[in-house]
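Data block below; observations after.
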Amino acid sequence: MWANVKSEKNVSESRKYEDVVVQKARDLDDMEEEGKWWKVFPKRWVIVVNMSIAILPMSAEYKWNPSTVGLIQSSFFWGYLLTQIAGGIWADTVGGKQVLGFGVVWWSVATALTPIAAKLGLPFLLVARVFMGIGEGVAMPAMNNILSKWVPVSERSRSLALVYSGMYLGSVTGLAFSPFLIHQFGWPSVFYSFGSLGTVWFSVWLSKAHSSPLEDPELRPAEKKLITTNCLSKEPVKTIPWRLILSKPPVWALIASHFCHNWGTFILLTWMPTYYNQVLKFNLTESGLFCVLPWLIMALSANVGGWIADTLVSKGVSVTTVRKIMQTIGFLGPAFFLTQLSHVNSPVMAVLCMTCSQGTDAFSQSGLYSNHQDIAPRYSGILLGLSNTAGVLAGVFGTAATGYILQHGSWDDVFKVSVGLYLVGTVVFNLFSTGEKVLE
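Oh and the sequence shown: position 188 is 177 in our numbering, straight run, nothing missing.
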């Protein structure tokens, strides 16, 4: 696969992906010179980022070609897609604690078995990656279900932003520690180390977490009543009114907006190191350092956005207006800064644009990501599963489409597609979304 740079369609120094993989694997040797619930999210995204780093020495050891590397990377999404909706249904019917606990144990075991699977052969590795995706697919629906039962509307944005900012901190942790582990102990140590953390986490989760306030023996009756009175989601779901759910325009607004949002997000997640290396001419160490910066800013911005959103709600601004304001920032901010990338010549300015793009993207945590609990608190897990299925599909198709676009066009074209979808998402969300409950 060929990757051209910036707006030039023919660049003499463009290299095949295989060459880039081999070079990055060599660069690893040069690096020596150079609320309780939210804790699951750093762990989850640490594991996601780990493979993108470990795949470099793995491909060199097993002589994988670029097509095989792409197959391995994409196999995670096969399992991840399977359990989005199923995870939401399960969480809304039996409770988020059990579902999230299952997911963490499942993906931790799959992670720890990855080096063994790789030694057995490619088919075994693909199965391990699919299994990992199956476990991770239930995480976000389960988390949404738990928050809908514990957090009142007036604190929803801040709580969700705090929980989800753990995903960004997980990326930072993975980018920071994986190269060190690989260099000191070999690439299998990455999977053994982070996979084993699930055992520790699960023991704490079993004793401290509860799907709803009613299940917490440490809360006094008055405290349980106060929390449940202020939360819209109380009883588990017995039957799911699919026809009613799919007949609501705000539901489809969430699905479409999630697709538009994740197209750009997944492209930045998967292609940012390549952009830094090929366009900005950063080496692997520099690329890793600069890749950390946007995730740190996203963690900060998500919490700032959550505070702003809840403050507006507490001052009497309607939830609908607040959600639309925050998501408009989450769409138009990245769109603006991506358009500026074509006009900057300084690597520092390019990194600044990329960082600001992802920083404003984090306001989506107080927009579309909070909206599932607004419109259908009892079915928030199911709705998250539905919309995130569309989001994952956007990531799969967007990542593949980017390779095709770079082969026949330029980085400008990649950014234009993302900007176009951000604009579509802005229109759809503002026309059809609401902050009012539409499903009982």
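Each residue gets a CB set at the ideal place from its N, CA and C atoms; glycine is no exception.
Here the structure is a predicted model, which means the values were calculated and not measured.
Check: Range of the contiguous alpha helix (DSSP H) that encloses leucine 53; Outcome: Note that residue 53 is tryptophan in the sequence shown, not leucine. Counting along the chain, tryptophan 53 falls outside any alpha helix (DSSP H), and DSSP gives it neither H nor E.
Check: Close Cβ partners of glutamine 329 (< 6 Å) along its chain, the five nearest in sequence each way excluded; Outcome: Cys342
Check: 6 Å CB neighbourhood of aspartate 205 in its chain, flanking five on each side removed; Outcome: His199
Check: Cβ contact (3+ pairs, closer than 8 Å) linking the region 100 to 119 and the region 159 to 174; Outcome: no
Check: Simplified DSSP state of valine 127, which is helix, strand or coil; Outcome: coil
Check: Nonlocal neighbours in the same chain, by C-beta distance under 8 Å from asparagine 292, ignoring five residues either side; Outcome: Arg147, Ala150, Leu151 and Ser154
Check: Residue-level contact to chain D via CB, phenylalanine 66, 7 Å cutoff; Outcome: Of the protein chains in the structure, only one exists, and it is not chain D.
Check: Residue span of the alpha helix (DSSP H) that contains arginine 145, given as start and end; Outcome: 145 to 174
Check: Cut-off 6 Å between Cβ atoms - residues of its own chain near serine 376, not counting five sequence neighbours on either side; Outcome: Leu243, Ile244 and His247
Check: Distance between beta carbons of glutamine 73 and glycine 384, contact taken as under 8 Å; Outcome: With a Cβ gap of about 12 Å, glycine 384 and glutamine 73 do not count as contacting.
Check: Cutoff 8 Å; reference serine 437; Cβ partners in own chain excluding five residues on either side; Outcome: Residue 437 lies beyond the range of the chain shown here (-10 to 429); nothing can be said about it.
Check: Asparagine 377, DSSP secondary structure in three states; Outcome: helix
Check: Test item: CB-CB of threonine 218 and proline 202 under 7 Å; Outcome: no
Check: Proximity to histidine 250 [Cα-Cα], best of Phe183, Val308, Leu382 and Trp231; Outcome: Leu382
Check: Identity of the residue in Phe255, Ser335, Trp296 and Gly159 nearest isoleucine 404 by Cα; Outcome: Before going on, a small fix: residue 404 reads as phenylalanine here, not isoleucine. Looking at the Cα atoms, Phe255 is the closest of the given residues.
Check: Proximity below 7 Å, CB of phenylalanine 120 to CB of alanine 107; Outcome: no
Check: The region 294 to 309 contacting the region 354 to 365, beta-carbon criterion three pairs below 8 Å; Outcome: yes
Check: Proximity to isoleucine 439 [Cα-Cα], best of Ala389, Met40, Gln173 and Ser290; Outcome: The chain is shown from -10 up to 429; residue 439 falls before or after that span and cannot be answered.
Check: Asparagine 334, DSSP secondary structure in three states; Outcome: coil
Check: Buried versus exposed call for alanine -8 [16 or more other C-beta atoms within 10 Å across all chains shown]; Outcome: Confidence in alanine -8 is poor, its pLDDT being 38 and thus under 50, which makes the residue's placement unreliable; the coordinate value appears in the next sentence. Buried: at least 16 other Cβ atoms inside 10 Å.
Check: Simplified DSSP assignment, three categories, for alanine 365; Outcome: coil
Check: Segment contact flag, the region 75 to 86 with the region 119 to 137, C-beta cutoff 8 Å, min 3 pairs; Outcome: yes
Check: Delimiting residues of the alpha helix (DSSP H) encompassing valine 430; Outcome: Nothing about residue 430 can be reported from this structure: the residues present for the chain run from -10 to 429 only.
Check: Rounded straight-line distance, which links the Cα of glycine 380 to that of glycine 387; Outcome: 10 Å
Check: Buried or exposed (CB count within 10 angstroms, at least 16 for buried), methionine 338; Outcome: exposed
Check: Assumed close pair leucine 433, serine 64 - CB separation to whole angstroms, cut-off 8 Å; Outcome: Coverage of the chain is limited to positions -10 through 429, which leaves residue 433 absent and any answer about it impossible.
Check: Per-residue burial, valine 268 [other beta carbons within 10 Å of its own, 16 or more giving buried]; Outcome: buried
Check: Under 7 Å between C-beta atoms of glycine 187 and valine 94; Outcome: yes
Check: Proximity below 7 Å, CB of serine 143 to CB of serine 353; Outcome: no
Check: Residue closest to glycine 409, alpha-carbon to alpha-carbon, out of Gly253, Gly85, Asp81 and Val193; Outcome: Gly253
Check: Close Cβ partners of aspartate 402 (< 6 Å) along its chain, the five nearest in sequence each way excluded; Outcome: Ile394
Check: Aspartate 299 versus tryptophan 139 - alpha carbon distance; Outcome: 16 Å
Check: Buried/exposed call for phenylalanine 174, threshold 16 Cβ in 10 Å; Outcome: exposed
Check: Close-in-space but distant-in-sequence residues of the same chain around threonine 57 (CB under 8 Å, 5 per side omitted); Outcome: Ser48 and Leu111
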